[in-house]
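Worksheet: one structure, shown below.
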Amino acid sequence: MNDTNSPPLLQVRDLRTYFPIRKGVLSRTVGHVKAVDGLSFDVPAGKTLGLVGESGCGKTTVGRTILRLIPATSGEVRFRGEDFFRYTGEELRKLRRQMQIVFQDPVSSLNPRMTVGNIIGEPIQVHGIARGKNRDDLVASLLQRVGLDPTYATRYPHEFSGGQRQRIGIARALSLGPAFIVCDEPVSALDVSIQSQILNLLQDLQQERGIAYLFIAHNLAVVEHFSDEVAVMYLGKIVEKAGAKELYSNPKHPYTSALLSAVPEPNPRPTKRRIVLPGEVPSPANPPCGCAFHPRCPLTRQMAKQATETDTTTITTGGIQVRVVKKCVESAPSLEQKPGEPGHVAACWLT
Amino acid sequence: MPQPLLDIRDLNIAFNTARGPIRPVRDVSMSIFPGQTLAVVGESGCGKSVTALSVLRLIPTPPGEYLGGQILFEGRDLLKLPERDMRSVRGRDIAMIFQEPMTSLNPVYTIGDQIAEAVILHQKVGTKKAYKIVEESLCDVGIADPHRRLGEYPHQLSGGMRQRVMIAMALSCKPKLLIADEPTTALDVTIQAQILELLRKLQKENGMAVMLITHDLGVVAENADTVAVMYASRVVEYAKVEDLFDRPQHPYTEGLFRSIPKLGSGVDRLDTISGTVPNPAKFPAGCKFHPRCVRMNGDAKCATVEPVVREVEPRHWAACHHAAGYENAAGTTPVLDYKRQVTLDVLDAAGGVM
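In the order they appear, the protein sequences are chains A and B.
My numbering numbers the first residue of the first sequence as 1 and each following residue consecutively.
My numbering numbers the first residue of the second sequence as 1001 and each following residue consecutively.
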């Protein structure tokens, strides 16, 4: 960061997105799915924050809430120090240029009835950046930048392969010269040999244009490779956040350790041990009390064996009874600094 | 010498489409021995799923057409079996699990009914006995409270649970061969770890052979004994899992290994394979990989003559003009009876070694 006094490009504070659960003839709200439950993080200019977690943990909702594609329930998003949620009308539209998104599915996120030239060119025109010949020139240079032939501008999305469509999606996101892009699983739908092409392209663009990314993915190896900092989410909350290398070499939350161990290593002589977590991610409509991870946590079961009778309690999970540490069930841990690099925070009572 | 359980020899399949015939499987040979796991790796459209479906003769004809080759299962050519006999092979001798557990379960029947149907059909038992077998197999795949689950419908289960049900269904008749087509691709990593561990455990208990179709090289490295790499409808490399990862001989395999990010590797930039997977309707001439290949270097042979697999090292086959020793290697059919040396250590819920 060039200027230590200026705030980070994007600041998210205590962000919450709840979806109401409605039931009955009157559609009364009977509860909430807490998809995002009190998230805080920063994304500095030109850097990448990776957001990992399993399906249903709320990572996609985070990206969309930040861009106001889904209204936030509460919390604050500051872009260049300004409260983004306060903006309306023309001012909001102007600010939106700065913040773009690349979607996971390159098929459904491109309008099949528009030519590639129009898909990329429309935002340029709407925002009054260029029109006519200038617009077409801009589209051609964008296509070239993402590795596609400029003559493709007259073709339709169905004429392209998955990897090429994702390049079109990236060109569209770039068309307004954003400072921040949410990449929502940008390579998950692509073939292995194409993934690295897209990852390298995103990396080059970041270096060239100083774009900051919020990189959302479920593949830990991809996130670790791509990000400067990584946040791990579980049931709408960040359970651990640290520099990418630090998180990998020194995980402090048992969920992070389990996730890391679950990634299959492309090595026929495995060097690590696999931790198989019991059960599945609970429903975010009715998360477990205390630490939300306690019914699946290997660490609390291990610690319960050494702890005294009064410090432990018995819970029933997946039809079996297990002893766990009482504290994990009774109250939720908050993110706190753990031994290791400064800025390495985790939410666990036991580490 | 033990005989392979499944021996696919020079299989050729065509699809007659409106735009002319395409060849999704060309001269494919591979074999699986009892208890062995063969991984078939490749990207979308390489022919791996079509090969798997053809073993069960699930390719609709037309538009599909078997142009030649043999699929020998315990010495019998499945391609020559009458449909009646084939029906008793499917499900009983060879079972299959698919990528998408939701679309492969019938939404209007309960879990119990669906699995029991196969059991009653193949094992000639009464309804009561069948349901008992179903309950046991649900228990085997780690479903808690199997009795209650019997009466539930697929939509009431999570993705991981559905895949367990699929596995229970596939294993209820104790097949000799299980074909698993991308069994964990739709699942989260922690659930993937559970399912793969379950498959390994059941395979050990039943001595069943597995044909594992995947695009994930990590899954291959952890589970396979032998590996067939497919590209553009052909097998381009065939080897023991350790040999393949230690000394890949085909430039495509090599490129794949270099292009995947590895946890903790600290690499700043990934290598890539340029270009895209060719469309089966317009394959390039010569070696199908030559437009993307780093080894070609203007060699006219690559652009005109398509290489076939040859044994370039002992028990290691590759199809590349530029693989070391390819010139003088013998064009033998790949057959590998091999079990991997190192298996994964797995810790249970409380951190103990299982």
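Glycine residues also receive a C-beta, built at the ideal position from the N, C-alpha and C atoms.
Review point. So, does the CB of R1162 (chain B) fall closer than 9 Å to a CB anywhere in chain E?
Key: Although the question refers to chain E, the structure presented lacks it and instead comprises the protein chains A and B.
Check your understanding: What does K1262 (chain B) touch in chain A if you count any residue whose Cβ is under 7 Å from its own?
Key -> Taking the first residue of the second sequence as 1, we reach residue 1262 (chain B) at position 262. Near K1262 (chain B) (Cβ distances below 7 Å), the residues of chain A are A221, P266.
Exercise for review: Check whether the Cβ of Y156 (chain A) lies closer than 9 Å to any Cβ atom in chain B.
Suggested key: The residue labelled residue 156 (chain A) in the question sits at position 156 within the first sequence. No, its Cβ sits nowhere closer than 9 Å to a Cβ of chain B.
Check your understanding: What residues in its chain sit with their C-beta under 7 Å from that of A285 (chain A), if we drop five residues either side in the sequence?
Key -> Counted from its first residue, the first sequence places residue 285 (chain A) at position 285. Cβ neighbours of A285 (chain A) beyond the five flanking positions: I21, G31, V33.
Practice item. Buried or exposed for S1274 (chain B), please, with buried defined as at least 16 other CB atoms from any protein chain shown within 10 angstroms of its CB. Key: Here residue 1274 (chain B) refers to the residue found at position 274 of the second sequence. Under this definition S1274 (chain B) is an exposed residue.
Exercise for review: With DSSP collapsed to three states, give me the class of G1218 (chain B).
Suggested key: Reading the second sequence from its first residue, position 218 is the one you call residue 1218 (chain B). If DSSP states are grouped into helix, strand and coil, G1218 (chain B) belongs with the helices.
Review point. At which residues does the alpha helix (DSSP H) containing I1111 (chain B) begin and terminate?
Key: Here residue 1111 (chain B) is taken as the residue at index 111 of the second sequence, counted from 1. Note, I1111 (chain B): alpha helix (DSSP H), 1111 to 1123.
Practice item. Measure the CB-CB distance between V43 (chain A) and P7 (chain A) and report whether it falls below 9 Å. Key: Position 43 of the first sequence holds residue 43 (chain A). Position 7 of the first sequence holds residue 7 (chain A). Cβ distance not < 9 Å, so V43 (chain A) and P7 (chain A) don't count as in contact.
**Study point:** Own chain residues within Cβ distance below 7 Å of S169 (chain A), not counting five before or after
**Key:** Locating residue 169 (chain A) in the first sequence gives position 169, counting from the first residue. Sequence inspection shows Gly at residue 169 (chain A); the Ser mentioned does not correspond to that position. Around G169 (chain A): V102, F103, P106, S109, L110.
Exercise for review: Check distances from the C-beta atoms of the stretch 184 to 203 of chain A to those of chain B and list, in chain order, the residues that come in under 8 Å.
Suggested key: D191, V192, S193, I194, Q195, S196, Q197, L199, N200, Q203
Review point. In chain B, what lies closer than 8 Å to G58 (chain A) by C-beta?
Key: Within the first sequence, the letter at position 58 stands for residue 58 (chain A). Going along chain B, no residue has its Cβ under 8 Å from G58 (chain A), so there is no contact; the nearest lies around 14 Å.
Review point. Is the beta carbon of P174 (chain A) sitting closer than 9 Å to the one on V146 (chain A)?
Key: Within the first sequence, residue 174 (chain A) is the residue found at index 174, counting from 1. Within the first sequence, residue 146 (chain A) is the residue found at index 146, counting from 1. For clarity, residue 174 (chain A) is Leu in the given sequence; the question names Pro instead. Yes, they are a contact pair.
Check your understanding: Can you tell which of B:W1317, B:M1169, B:Q1203 has its C-alpha closest to the C-alpha of V1236 (chain B)?
Key -> Walking along the second sequence from the start, residue 1236 (chain B) turns up at place 236. Here the closest residue by C-alpha is B:W1317.
Check your understanding: From B:V1028, B:V1309, B:L1202, B:T1184, pick the residue whose C-alpha is nearest to that of A1168 (chain B); which is it?
Key -> As a position in the second sequence, residue 1168 (chain B) is number 168, starting the count at 1. Comparing Cα positions, the closest option is B:L1202.
Check your understanding: Got a sec? Which residues, its chain only, sit under 7 Å from T65 (chain A) by beta carbon, not counting five neighbours each side?
Key -> The sequence position of residue 65 (chain A) within the first sequence is 65, counting from 1. So the qualifying residues of the chain are L15, T17, V36, A72.
Exercise for review: Kindly indicate which residue of A:S188, A:A346, A:I320, A:V222 has the alpha-carbon position closest to the one of A332 (chain A).
Suggested key: Here residue 332 (chain A) refers to the residue found at position 332 when the first sequence is read from its first residue. Comparing Cα positions, the closest option is A:A346.
**Study point:** Straight-line gap, L10 (chain A) to G81 (chain A) (C-alpha atoms, nearest Å)
**Key:** Looking up residue 10 (chain A) in the first sequence gives position 10. Looking up residue 81 (chain A) in the first sequence gives position 81. Near 8 Å, if we compare the C-alpha coordinates of G81 (chain A) and L10 (chain A).
Review point. Is it right to say V1267 (chain B) is buried, meaning 16 or more other beta carbons lie within 10 angstroms of its own, or is it exposed?
Key: Mapped onto the second sequence, residue 1267 (chain B) falls at position 267. By the 10 Å Cβ count, V1267 (chain B) comes out exposed.
Exercise for review: To the nearest angstrom, report how far apart Q1123 (chain B) and R1148 (chain B) are at their CA atoms.
Suggested key: To locate residue 1123 (chain B), count along the second sequence from 1; it is residue 123. To locate residue 1148 (chain B), count along the second sequence from 1; it is residue 148. Spanning the two alpha carbons is a distance of roughly 24 Å.
Check your understanding: Taking contact to mean at least 3 C-beta pairs separated by less than 8 Å, is the stretch 1183 to 1192 of chain B in contact with the stretch 1145 to 1162 of chain B?
Key -> yes
Check your understanding: What are the boundary residues of the beta strand (DSSP E) that includes S1031 (chain B)?
Key -> Counting from one through the second sequence, the residue named residue 1031 (chain B) turns up at place 31. Taken as a continuous stretch (DSSP letters only), the beta strand (DSSP E) holding S1031 (chain B) covers 1020 to 1032.
Point to revise | CB of K1339 (chain B) within 9 Å of CB of D1225 (chain B), strictly | key: Looking up residue 1339 (chain B) in the second sequence gives position 339. Looking up residue 1225 (chain B) in the second sequence gives position 225. Against a cut-off of 9 Å, the Cβ pair of D1225 (chain B) and K1339 (chain B) comes out as a contact.
Practice item. Using a Cβ-Cβ cut-off of 9 Å, state whether L1270 (chain B) counts as contacting chain A. Key: Reading the second sequence from its first residue, position 270 is the one you call residue 1270 (chain B). Yes, its Cβ sits closer than 9 Å to a Cβ of chain A.
**Study point:** alpha helix (DSSP H) segment containing L1038 (chain B), residue limits
**Key:** Position 38 of the second sequence, counting from 1, holds the residue named residue 1038 (chain B). Careful: L1038 (chain B) lies outside any alpha helix (DSSP H), inside the beta strand (DSSP E) at 1037 to 1041.
Check your understanding: Taking just the CA atoms, how far does Q195 (chain A) sit from A1095 (chain B)?
Key -> Residue mapping note: residue 1095 (chain B) aligns to position 95 of the second sequence, counting from 1. Residue mapping note: residue 195 (chain A) aligns to position 195 of the first sequence, counting from 1. Rounded to whole angstroms, A1095 (chain B) to Q195 (chain A) spans 32 Å at the Cα level.
Practice item. Please check if any C-beta of chain A sits within less than 9 Å of the C-beta of T1190 (chain B). Key: One-based indexing of the second sequence puts residue 1190 (chain B) at position 190. Yes, its Cβ sits closer than 9 Å to a Cβ of chain A.
Check your understanding: Under a CB-based cut-off of 9 Å, is Y248 (chain A) close to chain B?
Key -> Position 248 of the first sequence, counted from the start, is the residue given in the question as residue 248 (chain A). Answer yes: the Cβ-Cβ gap between Y248 (chain A) and chain B drops below 9 Å somewhere.
Practice item. Under 8 Å between beta-carbons, which chain A residues line up against R1340 (chain B)? List them in chain order, please. Key: For the purposes of this step, residue 1340 (chain B) is taken as residue 340 along the second sequence, with counting starting at 1. Near R1340 (chain B) (Cβ distances below 8 Å), the residues of chain A are P268.
Review point. Roughly how far, in whole angstroms, is the beta-carbon of P1107 (chain B) from the beta-carbon of P1154 (chain B), given that I think they are within contact range, below 8 Å?
Key: Taking the first residue of the second sequence as position 1, residue 1107 (chain B) is located at position 107. Taking the first residue of the second sequence as position 1, residue 1154 (chain B) is located at position 154. Rounded, the Cβ-Cβ distance is 6 Å, consistent with contact.
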